[in-house]
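Take a look at the structure below.
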Amino acid sequence: MLVGLGVSAACAVGALVAAAGVVAMAFPGRPEPWAPHLMRRAAATAAWAAAAVYSLGFFAVLMSESEFGEGASSVPAPACVDGFDEGTVEGLSHHRSSYLPLRFDCVRDDGSVYSSDSAYAWMNGASAAFALSAALLAIGAGYATELRARRSAVVS
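Under numbering that gives the first Met the number 0, the residue at position 18 of the sequence shown is numbered 17, and the numbers go up by one with no gaps.
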């Protein structure tokens, strides 16, 4: 768990450093042309943020998976039992985990499923949104650079 928090914290620091680069574009002395630089820096910020959120969820699923079968009262998985009332846990047969998308589902004998943690939904959504934003910003930066090069070629 400590490694997971460390990786997530490192990614969060990377996102903050990249965000500082985005903010620096507002000050005098920014590189010209400024639009592609701004988009590249914003893409880096979004990519680091996606990595931070995803690594937090990845290590949460990994920790839940590693707690299963380790010691007394570890079957069923503690993530499926801890914090739930007796009616919810009744008839629990096994669990399913996934790293893409992030999830740790608990399965009952009748086939019904409940999530061990509702936080996986926002982690999946946030990491996907940040990753998509990073990709679109990187494509936009490349397009802006190409457009500028074509315009200068036409003028020459």
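Cβ atoms here follow ideal geometry from the backbone N, Cα and C, with glycine treated the same way.
{"query": "Would you grab the beta carbon distance between Ser92 and Asp108 for me? Rounded to a whole angstrom, and I think it's under 8 Å.", "result": "5 Å"}
{"query": "Kindly indicate which residue of Ser132, Asp81, Arg147 has the alpha-carbon position closest to the one of Met38.", "result": "Ser132"}
{"query": "Using DSSP's beta-bridge definition, name the partner residues of Arg95.", "result": "Asp104"}
{"query": "Buried or exposed: Ser7, going by 16 or more other Cβ atoms within 10 Å of its Cβ?", "result": "buried"}
{"query": "Identify the continuous alpha helix (DSSP H) that holds Ser126 and give its terminal residues.", "result": "118-154"}
{"query": "Name the residue from Gly68, Arg150, Pro35, Ser96 whose alpha carbon lies nearest to the alpha carbon of Phe58.", "result": "Ser96"}
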